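Residue numbers (UniProt numbering), protein chains in the order written: chain A, 1 to 139; chain B, 1 to 139.
Notes follow once the structure below has been shown.
Number of protein chains: 2
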Amino acid sequence: MSQSHTGVPNDTVPDRTVPEDTVPGETCSLGEVLEQVSGKWNIGIIMAAMAGPIRFTELEREVQGISRRMLTLTLRKLERDGLLIRTVHPTVPPKVEYTLTEIAHELHDTFIGLTAWADRHKASIAAARRAYDAQSQGA
Amino acid sequence: MSQSHTGVPNDTVPDRTVPEDTVPGETCSLGEVLEQVSGKWNIGIIMAAMAGPIRFTELEREVQGISRRMLTLTLRKLERDGLLIRTVHPTVPPKVEYTLTEIAHELHDTFIGLTAWADRHKASIAAARRAYDAQSQGA
DNA sequence: CTGTATCCTAGTAGATACTG
DNA sequence: CAGTATCTACTAGGATACAG
């Protein structure tokens with residue numbers, strides 16, 4: 001190690017030997033998670049569908065700001081990953097319903113926790129940003 | 001899944017009037033969440049820093065697959081948002097430590113839940129993808 | 001050791017128009 | 001109603017080289 005001449009004793013550093021509840025072992029898992037969670041609209045759509053089957057136009061209204069294109073794309077992606085089921089009712093006019101699968105429903109609590117966290121801290125995050133930007137300008 | 005979408009008139013569908021535990025009220029909150037959670041490396045870095053202050057090179061090793069550039073960029077973003085603190089020790093060679101803030105630590109359980117979910121379902125997600133792709137080809 | 005700078009690619013996303 | 005097509009723009013991300 002190269003810290004012997006820095007004067008910093010490093011016997012107080014916590015061991016990085018993965019305390020079994022901190023790191024998921026496989027990086028693969030993380031990658032899979034990100035694909036569901038990252039993306040601008042995934043969470044919004046899943047949250048909107050939590051209450052039960054929902055139609056295309058309802059989603060378009062509920063997930064405000066989403067474009068028709070992105071709604072379609074995200075829906076297809078979610079369907080492909082088995083997070084929701086697309087049901088076409090052969091009526092006229094056509095009616096399509098999107099229903100979350102069981103595994104998607106399991107994300108409910110996590111997403112609630114996530115949004116709660118954001119709600120608790122959005123003010124301080126905004127403040128931190130302003131502080132950082134102000135300081136960056138000065139520097 | 002628990003309820004069918006097979007044409008049974010569903011009088012049990014809950015109203016879409018935001019049951020106060022399902023939708024975060026403001027789309028803004030969601031947007032803020034996504035900025036912390038989306039992005040390929042945010043979760044990995046935060047998880048790696050959960051155990052205590054961690055150095056640049058340690059992160060580079062622990063968050064496997066990340067490039068130096070993305071590590072720097074993500075670190076800066078996280079710092080700007082007040083999720084971690086960057087401490088420079090004016091030694092030679094330089095030593096920089098990244099320490100999570102309290103609000104970042106609060107994400108621990110949520111992220112654990114997320115990775116656990118991914119771990120539980122990654123097999124069925126992969127299967128769903130194969131099925132979807134196979135069917136798309138046929139169609 | 002801890003970054004920055006540059007170049008380049010692919011994916012994400014918006015706008016708009018068109019269709020079964 | 002529920003999409004698709006096309007065109008464009010921005011950003012995320014990787015590779016590589018250089019620097020304090």
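Glycine included, C-beta positions come from ideal geometry on N, C-alpha and C.
Small disclaimer: the values here were computed from a predicted structure and weren't measured.
- Whose C-beta lies closer than 8 Å to the C-beta of K95(B) among residues of the same chain, with five residues either side of it excluded? R55, V88 and H89
- Exposed unless 16 or more other CB atoms sit within 10 angstroms - verdict on P24(A): Caution applies to P24(A), whose pLDDT of 39 falls short of 50 and renders its modelled position unreliable; the model cannot decide the point.
- Between A134(A) and R80(A), what straight-line distance do the alpha-carbon atoms span, to the nearest angstrom? 44 Å
- Message: Would you say E79(B) lies against chain A (beta-carbon separation less than 9 Å)?
- Response: yes
- Task: Just tell me which of W117(B), P93(B), L114(B) and A48(B) has its CA closest to the CA of L75(B).
- Result: A48(B)
- Message: Between L73(A) and chain B, is any beta-carbon pair separated by less than 9 Å?
- Response: no
- Identity of the residue in H121(A), E97(A) and A126(A) nearest residue 226(A) by Cα: Lying before the first or after the last residue shown, residue 226(A) is absent from chain A, which here runs from 1 to 139.
- Message: Tell me whether the segment 38-52 of chain A and the segment 102-116 of chain A touch, counting them as touching only if at least three CB pairs, one residue from each stretch, are closer than 8 Å.
- Response: yes
- Message: Check this for me: beta carbons of L30(B) and A118(A), under 9 Å apart or not?
- Response: With contacts defined as CB atoms closer than 9 Å, L30(B) and A118(A) qualify as a contacting pair.
- Exposed unless 16 or more other CB atoms sit within 10 angstroms - verdict on V37(A): buried
- How about S124(A) and G82(B): are their beta carbons less than 9 Å apart? yes
- Message: Mapping the DSSP letters down to three states, classify T99(A) as helix, strand or coil.
- Response: Under the three-state reduction of DSSP output, T99(A) falls in the strand class.
- Below 6 Å CB to CB, which residues in the same chain sit around H121(B) once its five sequence neighbours on both sides are set aside? Answer for H121(B): no residue qualifies.
- I66(A) in three-state terms, based on DSSP: coil
- Could you give the C-beta distance for L100(B) and I46(B), rounded to a whole number, given that I count them as a contact under 8 Å? 7 Å
- Query: Which of the three DSSP states, helix, strand or coil, is assigned to V92(B)?
  - Reply: coil
- Message: Please list, in chain order, the chain B residues whose beta carbon lies closer than 8 Å to that of R129(A).
- Response: R80, D81 and G82
- Item | CB contact below 9 Å: L100(B) versus chain A | no
- According to the neighbour-count rule (16 or more other Cβ atoms, all chains shown, within 10 Å of its Cβ), is D21(B) buried or exposed? Reliability fails at D21(B), whose pLDDT of 35 lies under 50, so the model's placement of it is uncertain and no value is given.
- Compare the C-beta of E32(A) against all C-beta atoms of chain B and say whether one is closer than 9 Å. yes
- Closer than 9 Å to chain A by CB, A134(B): no
- Under the rule that 16 or more other beta-carbon atoms within 10 Å means buried, what is E102(B), buried or exposed? Exposed, since its Cβ has fewer than 16 Cβ neighbours within 10 Å.
- What did DSSP end up calling L107(A) once you bin it into helix, strand or coil? coil
- Message: I need the straight-line Cα distance from E60(A) to R61(B), nearest angstrom please.
- Response: 42 Å
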